[in-house]
Each structure stands twice: as structure tokens, then as C-alpha cells.
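Chemist: Numbered per the UniProt record's numbering, the sequence shown spans residues 3 to 348. Got a structure for you, written out below as C-alpha cells; questions coming shortly.
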Amino acid sequence: KIIMGVESSCDETGIGLVRLHDDGTVELLADEVASSVEQHARFGGVVPEVASRAHLEAMVPTVRRAFDSAGLTLSDVDAIAVTAGPGLAGALLVGVSAAKAYAAALNVPLYGVNHLAGHIAVDTLQHGPLPTPSLALLVSGGHTQLLRVDDIASKITEIGSTVDDAAGEAYDKVARVLGLPYPGGPPIDKAAQEGDPGAIAFPRGMTGPRDPAFDFSFSGLKTAVARWVEGAQARGEQVPVADVAASFQEAVADVLTAKAVRAATESGIGTLVISGGVAANSRLAGLAAERCAEAGIELRVPRPRLCTDNGAMIAALGAHLVAAGCAPSPLDLSANPALPVSTVCV
Ligand code: ATP
Ligand code: MG
Ligand code: FE
Numbered sequence: 003k004i005i006m007g008v009e010s011s012c013d014e015t016g017i018g019l020v021r022l023h024d025d026g027t028v029e030l031l032a033d034e035v036a037s038s039v040e041q042h043a044r045f046g047g048v049v050p051e052v053a054s055r056a057h058l059e060a061m062v063p064t065v066r067r068a069f070d071s072a073g074l075t076l077s078d079v080d081a082i083a084v085t086a087g088p089g090l091a092g093a094l095l096v097g098v099s100a101a102k103a104y105a106a107a108l109n110v111p112l113y114g115v116n117h118l119a120g121h122i123a124v125d126t127l128q129h130g131p132l133p134t135p136s137l138a139l140l141v142s143g144g145h146t147q148l149l150r151v152d153d154i155a156s157k158i159t160e161i162g163s164t165v166d167d168a169a170g171e172a173y174d175k176v177a178r179v180l181g182l183p184y185p186g187g188p189p190i191d192k193a194a195q196e197g198d199p200g201a202i203a204f205p206r207g208m209t210g211p212r213d214p215a216f217d218f219s220f221s222g223l224k225t226a227v228a229r230w231v232e233g234a235q236a237r238g239e240q241v242p243v244a245d246v247a248a249s250f251q252e253a254v255a256d257v258l259t260a261k262a263v264r265a266a267t268e269s270g271i272g273t274l275v276i277s278g279g280v281a282a283n284s285r286l287a288g289l290a291a292e293r294c295a296e297a298g299i300e301l302r303v304p305r306p307r308l309c310t311d312n313g314a315m316i317a318a319l320g321a322h323l324v325a326a327g328c329a330p331s332p333l334d335l336s337a338n339p340a341l342p343v344s345t346v347c348v
């Protein structure tokens, strides 16, 4: 069976095509992404109206590119999955409207799915079926969550989340303070390679004895970095960008991996999946590998291209729903910008 995935929750228009095999494995056939990230760069963050218009312009050409690259035609499609939420309302609506039109025209079932569950499901395209239960650390521009996955098609439970900024948001804000471009993750990752991660002792948020064990906080860290940089500038000193980047990155990776490994160990879960845009971070992946090895936990991190927003993740989740025999969504489904992660399919 061929499943098409449609993603438009933020600033990436993504179309993915996968094949669901009889044995339940899911094969990636096409993954085309059109990003409007450059149009948002000068604003330092995603502008919703700009993103919606870009989706509208990119949707049909991206669908065409996906089918061309897979050597398939629309009539080969057996089911369609689309991101129903969470995300930007106007951006989501473009994908949902397009997916409904394709589903009606092709007379195939439509699944309105959860974007966050898609970030986890995408790992099965690279590493095969997910052992259950698994623990997922989802770290992106809008989310930072620890999730227990009992069944990717139907049972995902939140164990902890950020109480303020998402990890990716902290990267983007710290990059701005350091005069690095948006999005901030890649340039900070690069600058940090030349820096000393022990140069500056930045705070580890939410790690006090009375703090919730599995929640995160990055806004204090972001402020601490800004204060430190302002202090150096006020004294007329040159800001050691590489050392600040490396020390900030170390603080983020330390807290994320410590809490994820502790959550897995305490719940007796043997597999940790790290996904979302920040999973592309080299230090996060490196420290997670060290700590998981020590704790005897299997670590799965999809390749960077699969970690950031794309349509393949939505197609993969759709394939798991089809394989599990889940009921399709009604054709009058609507986008839900605040869809909770516990709702895998609307
Ligand atoms: P969400 O999935 O929560 O709706 P989103 O679409 O903004 O949000 P992604 O596309 O998954 O999220 O991730 C984008 C984020 O990942 C940005 O904040 C970016 O700075 C960050 N990021 C990308 N590469 C790296 C990296 N190498 N190191 C750290 N952060 C990174
Ligand atoms: Mg994005
Ligand atoms: Fe995302």
C-alpha cells in the first residue's frame, strides 16, 4: 500500500510517500520539502501569515516533485495522512484543505494526524519497527517533551515537558544574542566545535531537589547567557562566541540527556528515540550516546533530514495507522492548533 503524507504545521511544506509492506515495515519512497525559512530570517522567527501564503504556493509543486521522484502517480495512492495539529492555524489549514481535496478526488481514506507523533514515527523509516514501550525525547523549535510510547498508532503519554521555552527556541534566541543567523541551532553547533564547553558554568534549569524530575526550563539559561554577554560587552571585552556557544550547548545537552536517561531507567524502558530539529545537534547526540551506553539503553536518532519537519514523518505515521486498522478521520475534519500529543489521529 502507498501512503501520502502532507505536512504544513510551521514553515515547511512537506510531501512524503511511503510503502507499507505486508509484514508491517514501512519504506521511504519520496520526501520533498519546500521551506519558507529564508522569508522569516529577517524577523528572527516564523511569521504565520508569510508561512501560510508560502504553503499555498508550494503545495501543488511539492506534490508533483514527490510523485516524480518516486516514479508514481496520484492514482497509486491508497491512503492520505495530513498533519491536523499542533501548529500554526493558518498553516495547518492549507495542508488539511489540500489533503481533503486529494482524498475526495482519489476516493481514498484520510487520516488527520498528530505532528509530534509523526516526529517519533519517522524513526521507523530508518531503524525499523519501534520496540514497545519506548521513550521519546522530542526536541524542536516549538516543543520539548518526554513521551512514553506504548503504541505509535494509539498510545502516547506525556511524562514531562518544558515549562517555558522549547530547546530550539533557546538556540534561536541565544544565536541572536551572539549575532549568529536564524535559525540558531546550526550556527551555534558549528561555533561550539571551536569552543570550551567548560568555559562558563551556565545554569541547569529544573534540576533542583524540589523540581519536577522530568520537566524542563530553558528561559533562565537563555537569560543567563544574555546577561553574561552583556557583562562582557559593558567591560569592553571581546565576546568569546565559541566558548559561550559551547558552554550553552553543554548545558542544554546535559539537562536533556540526564532527564531522558533517568526517565527510561526509572520506568524500565530499554529504548530512547530522540527526534525533532534539535536532535540534529552534534553534542546532544554525542552525550546521549555516552549516557545511554552507560545505562544499557538502546539509542535511536533519525538522520538530521528526518528530524526536522517533513512529509515523510506524516506518511510514516499514516502507514502505522493503516497497519493497525485504525478508523480514518471524517472528511469534515478540521485543523487543531493545540492538538494534545495523546491524540495520535483525530
Ligand atoms: P515543532 O515541531 O515544535 O512544531 P519546528 O517546526 O520549528 O517546531 P523543527 O523544524 O523540528 O521544529 O526544528 C527547528 C529547530 O531545530 C530550530 O529551533 C533550530 O534552531 C533547531 N536546530 C536545527 N538544527 C540544530 C542543531 N544542529 N543544533 C541545535 N538545534 C538545531
Ligand atoms: Mg521549521
Ligand atoms: Fe516539527
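For glycine and all other residues, C-beta sits at the position ideal for the given N, C-alpha and C.
1) On the three-pair Cβ rule with 8 Å, is the segment 30-38 touching the segment 156-166?
2) Using 10 angstroms around the beta-carbon of L333, count the other beta-carbons present and answer buried if the total reaches 16, otherwise exposed.
3) Verify the contact flag: G97, CB atom, against every heavy atom of the ligand FE, threshold strictly below 8 Å.
4) Tell me the start and end of each unbroken beta strand (DSSP E) in the segment 151-201 that is at least 3 residues and wholly inside, in chain order.
5) In its own chain, which residues sit with a C-beta less than 8 Å from the C-beta of A291, not counting the 5 before and 5 after it?
6) Please state if the CB of G207 and the CB of F216 are separated by a distance shorter than 9 Å.
7) Could you have a look at D256 and say whether DSSP puts it in helix, strand or coil?
8) Sorted by chain position, which residues of the same chain lie with C-beta nearer than 8 Å to K3's C-beta, five sequence neighbours on each side aside?
9) Taking the straight line between their C-alpha atoms, what separation do you get for S336 and A86?
10) Where does C347 sit, in a helix, a strand or coil, going by DSSP?
11) According to DSSP, is L335 helix, strand or coil?
12) Please work out which residues of its chain come closer than 8 Å, Cβ to Cβ, to G92, disregarding the five sequence neighbours upstream and downstream, and give them in chain order.
13) Tell me, please, which residues DSSP counts as bridged to A83.
14) So the candidates are A203, M6, M61 and L137; which of them puts its Cα closest to the Cα of S269?
15) Which of the three DSSP states, helix, strand or coil, is assigned to F218?
16) Among the residues of its own chain, which have a CB less than 8 Å from the CB of residue 1, if the five just before and after it don't count?
17) When you compare each of A262, A107 and K102 to G114 by their alpha carbons, which one comes out closest?
18) By alpha-carbon positions, which one of A68, R305, T27 and V343 ends up nearest to P131?
19) If you draw a straight line from the alpha carbon of G272 to that of H129, how long is it in whole angstroms?
20) Determine the DSSP secondary structure at G233, reduced to helix, strand or coil.
21) Return yes when at least one heavy atom of the ligand ATP lies under 8 Å from the C-beta of A282, else no.
22) Of all residues in the structure, which have a C-beta closer than 5 Å to any heavy atom of the ligand FE, taken in chain order?
23) Could you pull out every residue in the same chain whose Cβ sits closer than 6 Å to the Cβ of V65, ignoring the five residues on either side in sequence?
24) Quick check on DSSP: helix, strand or coil for G298?
Modeler: According to the structure data:
1) no
2) exposed
3) no
4) 157-163
5) L301
6) no
7) helix
8) R21, L22, D80, A81, A321 and V324
9) 7 Å
10) strand
11) coil
12) P50, E51, A53 and S54
13) G7 and Y113
14) L137
15) strand
16) Because the chain is modelled from 3 through 348, residue 1 falls outside the range shown and cannot be assessed.
17) K102
18) T27
19) 15 Å
20) helix
21) yes
22) S142 and D311
23) I17
24) coil
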